[in-house]
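Enquirer: Dumping the structure here so I can ask a few things about it.
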């Protein structure tokens, strides 16, 4: 008897999650993202297994990184990542299913300080980055 597949039609296994996570980190590194961190969410939240947070030097770079990342995810997995925030590109959210990516301009990242909210206490506090 076969096991039921997840409702969202994605196969959720450790290898595919790790491959997606590695793809995200490599893409951001290739596009010269700054201060990239990855927060493991497994066991903390059901929204994803990883949250990746990175900064770009400008809105243009943030938008470019987001678009390239979405294209690379589509090529590698066949799935389309959902993107929010592209028109302004101060804060862009890329939902790739098992990996959620937040791309910020540095000032906006410092203001929202998601790292601290998720328990990464080594993150700079708002206004000190």
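Numbering (this note's numbering), first residue to last: 10 to 138. Built from N, CA and C at the ideal position, the CB exists for glycine as well.
What's the C-alpha gap between residue 95 and residue 103?
Expert: Here residue 95 is taken as the residue at index 86 of the chain shown, counted from 1. Here residue 103 is taken as the residue at index 94 of the chain shown, counted from 1. In a straight line, the C-alpha of residue 95 is about 10 Å away from that of residue 103.
Enquirer: Can you tell me whether residue 118 is buried or exposed, with buried defined as 16 or more other CB within 10 angstroms of its CB?
Expert: Here residue 118 corresponds to residue number 109 of the chain shown, with the count starting at 1. Burial call: buried.
Enquirer: Could you give the distance in angstroms between the alpha-carbon of residue 120 and the alpha-carbon of residue 83?
Expert: Here residue 120 refers to the residue found at position 111 of the chain shown. Here residue 83 refers to the residue found at position 74 of the chain shown. Answer to the nearest angstrom: the Cα atoms are 31 Å apart.
Enquirer: Alpha carbon to alpha carbon, what distance is there between residue 48 and residue 127?
Expert: On the chain shown, position 118 is the one that residue 127 refers to. On the chain shown, position 39 is the one that residue 48 refers to. For residue 127 and residue 48, the distance between alpha carbons rounds to 8 Å.
Enquirer: Leaving aside the five residues before and after residue 38 along the sequence, list all residues of the same chain whose C-beta is less than 8 Å from its C-beta, in chain order.
Expert: Numbered from its first residue, the chain shown carries residue 38 at position 29. Taken in chain order, the residues that qualify are 45.
Enquirer: Specify, as a first and last residue, the run of the alpha helix (DSSP H) that residue 109 falls within.
Expert: Along the chain shown, read from residue 1 onward, the residue named residue 109 stands at position 100. Counting along the chain, residue 109 falls outside any alpha helix (DSSP H), though it belongs to the beta strand (DSSP E) covering 108-113.
Enquirer: How close, in whole Å, do the beta carbons of residue 26 and residue 78 come, if the pair is a contact with beta carbons under 8 Å?
Expert: Start at 1 with the first residue of the chain shown, and residue 26 comes out as number 17. Start at 1 with the first residue of the chain shown, and residue 78 comes out as number 69. That belief does not hold up - the Cβ atoms of residue 26 and residue 78 are roughly 16 Å apart, past 8 Å.
Enquirer: Does DSSP classify residue 51 as helix, strand or coil?
Expert: What you label residue 51 is simply residue 42 of the chain shown in a count that begins at 1. Reduced to three states, the DSSP call for residue 51 is coil.
Enquirer: Quick check on this structure: which residue in 71, 90, 81 has the alpha carbon closest to the alpha carbon of residue 116?
Expert: As a working mapping, residue 116 is identified with position 107 in the chain shown. Checking every option, the nearest Cα to that of residue 116 belongs to 71.
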